[in-house]
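J.: Chains H and X, in that order, give the protein sequences. Under my numbering, think of the first position of the first sequence as 1, with each following residue one higher. Under my numbering, think of the first position of the second sequence as 156, with each following residue one higher.
Protein chains: 2
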Amino acid sequence: MLIGELARHAGCDAGTIRYYEREGLLQKPYRAPSGYRKYTDAHLVQLNFVLRCRALGMTLAEIKALQGFQANPSAPCAGINELIDRQIDRIQQQLKVLHVLEEQMAALRCCCETNMPAGECGIMKALASAAENDAADKKPHPKTEASTGPMEPSP
Amino acid sequence: MLIGELARHAGCDAGTIRYYEREGLLQKPYRAPSGYRKYTDAHLVQLNFVLRCRALGMTLAEIKALQGFQANPSAPCAGINELIDRQIDRIQQQLKVLHVLEEQMAALRCCCETNMPAGECGIMKALASAAENDAADKKPHPKTEASTGPMEPSP
DNA sequence: ATAAAACCTTGGAGCAGGTATAAGGTCAAC
DNA sequence: GTTGACCTTATACCTGCTCCAAGGTTTTAT
Numbered sequence: 001m002l003i004g005e006l007a008r009h010a011g012c013d014a015g016t017i018r019y020y021e022r023e024g025l026l027q028k029p030y031r032a033p034s035g036y037r038k039y040t041d042a043h044l045v046q047l048n049f050v051l052r053c054r055a056l057g058m059t060l061a062e063i064k065a066l067q068g069f070q071a072n073p074s075a076p077c078a079g080i081n082e083l084i085d086r087q088i089d090r091i092q093q094q095l096k097v098l099h100v101l102e103e104q105m106a107a108l109r110c111c112c113e114t115n116m117p118a119g120e121c122g123i124m125k126a127l128a129s130a131a132e133n134d135a136a137d138k139k140p141h142p143k144t145e146a147s148t149g150p151m152e153p154s155p
Numbered sequence: 156m157l158i159g160e161l162a163r164h165a166g167c168d169a170g171t172i173r174y175y176e177r178e179g180l181l182q183k184p185y186r187a188p189s190g191y192r193k194y195t196d197a198h199l200v201q202l203n204f205v206l207r208c209r210a211l212g213m214t215l216a217e218i219k220a221l222q223g224f225q226a227n228p229s230a231p232c233a234g235i236n237e238l239i240d241r242q243i244d245r246i247q248q249q250l251k252v253l254h255v256l257e258e259q260m261a262a263l264r265c266c267c268e269t270n271m272p273a274g275e276c277g278i279m280k281a282l283a284s285a286a287e288n289d290a291a292d293k294k295p296h297p298k299t300e301a302s303t304g305p306m307e308p309s310p
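#1: Hey, does residue 208 of chain X have any beta-carbon neighbour from chain H nearer than 8 Å?
#2: Report buried or exposed for residue 241 of chain X, applying the criterion of at least 16 other Cβ atoms within 10 angstroms of its Cβ.
#3: If you run the structure through DSSP and keep just helix, strand and coil, what is residue 30 of chain H?
#4: For the region 118 to 137 of chain H against the region 218 to 238 of chain X, are there 3 or more C-beta pairs whose distance is under 8 Å?
#5: Residue 193 of chain X bridges to which residues according to DSSP?
#6: Against chain X, with Cβ distances strictly below 8 Å, would residue 121 of chain H count as a contact?
#7: Please list the partners that residue 174 of chain H has in chain X, where partner means a Cβ-to-Cβ separation under 8 Å.
#8: Please report the straight-line C-alpha distance between residue 27 of chain H and residue 256 of chain X, rounded to a whole angstrom.
#9: So, under 8 Å CB-CB, residue 118 of chain H and residue 235 of chain X are touching, yes? Tell me the CB distance rounded to an integer number of Å.
#10: Identify every run of the alpha helix (DSSP H) within the region 211 to 238 of chain X, keeping only runs that are complete inside it and at least 4 residues long; order them along the chain.
#11: Do three or more CB pairs link the region 58 to 65 of chain H to the region 246 to 261 of chain X at distances below 8 Å?
#12: Flag residue 34 of chain H as yes if its beta-carbon sits less than 8 Å from any beta-carbon of chain X, otherwise no.
#13: If you draw a straight line from the alpha carbon of residue 192 of chain X to that of residue 55 of chain H, how long is it in whole angstroms?
#14: Select from the region 194 to 205 of chain X all residues with a C-beta closer than 9 Å to any C-beta belonging to chain H, and list them in chain order.
#15: Would residue 269 of chain X and residue 14 of chain H be called neighbours here (beta carbons separated by less than 8 Å)?
Below, the structure written as structure tokens:
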């Protein structure tokens with residue numbers, strides 16, 4: 001099987017396959033005298049393994065680690081479990097962040113009824129005043145030291 | 156305020172501030188004769204605006220677009236609303252994906268009780284057999300054409 | 001037999017959104 | 001006058017690809 005066919009079977013780009021080969025995630029295939037890569041079904045399985053792990057959100061380094069376990073089946077599998085646990089944690093972290101984000105965006109969305117000049121748009125006002133409050137929080141005693149007026153770029 | 160102080164107030168890296176300046180997201184500050192950047196509180200507000208939008212998941216291009224509305228307060232704000240709506244869609248998409256992922260990872264996690272040799276680990280077996288099934292699905296009539304044995308790299 | 005289409009090869013650049021480094025200049029304190 | 005903490009620039013690196021150019025090969029159609 002040539003690289004294009006492998007790519008079609010796996011549902012990825014041929015460039016991705018070459019990339020995985022360079023990165024050591026895919027066995028180097030036999031090369032025809034023309035230099036063309038010739039793949040076997042076993043390569044397809046290996047590629048699917050990588051793609052599936054990617055789809056589960058693992059990094060290439062983690063997938064490489066999993067392949068290390070495949071190559072070394074008598075090693076204790078605690079590392080595999082840790083890797084999965086870390087992945088689960090990451091997903092739950094992201095979910096938490098996204099839920100908060102969803103709420104914040106929904107609240108923001110409610111601030112405007114679509115047909116305002118931008119200067120009166122509740123969304124813009126909310127974002128701008130949040131930024132100002134952040135700034136005030138961090139500088140609790142503004143001594144009017146520099147300027148609170150408009151910014152002046154270098155002359 | 157020097158860049159390090161601004162960075163501390165905003166809770167980001169000085170490199171990030173220089174990067175935002177290069178990308179046109181932050182006004183160029185006055186430069187002291189030494190070449191040092193001198194920031195005002197207004198810069199802190201602007202930086203916080205950018206960081207807050209980033210934290211909401213917006214791209215730098217989108218933030219630039221929002222700044223365009225800030226600079227042009229009489230423009231109609233429909234574009235702002237669209238931008239926010241797109242962002243909400245993106246977040247909900249990601250949430251969907253992550254929920255599926257969470258389930259899949261949890262199912263995977265249940266496959267192993269931690270103290271196996273890797274070759275017997277249910278997680279590895281599940282991943283490997285999924286990859287094989289993917290391969291079989293895509294090649295429904297395997298004519299034993301090349302080889303289903305181990306992969307042979309180029310000789 | 002030949003020409004066009006459809007493959008394949010390599011090397012390199014580019015994306016986002018930064019982070020890290022090196023090599024050097026400045027400034028306040030002791 | 002020297003340490004140490006800061007600042008400057010330019011450049012490279014990170015992840016996980018994607019896309020491009022310039023060229024070689026193979027298949028298909030005429």
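Even glycine gets a Cβ: it sits at the ideal position worked out from N, Cα and C. In this text, all values refer to a predicted model and were calculated from it rather than measured experimentally.
T.: To lay it out plainly:
#1: yes
#2: exposed
#3: strand
#4: yes
#5: X:185
#6: yes
#7: The structure shown does not extend to residue 174 of chain H, since chain H is modelled only from 1 through 155, so no value can be given for it.
#8: 27 Å
#9: 6 Å
#10: 215 to 226
#11: no
#12: no
#13: 44 Å
#14: 194, 195, 196, 197, 198, 199, 200, 201, 202, 203, 204, 205
#15: no
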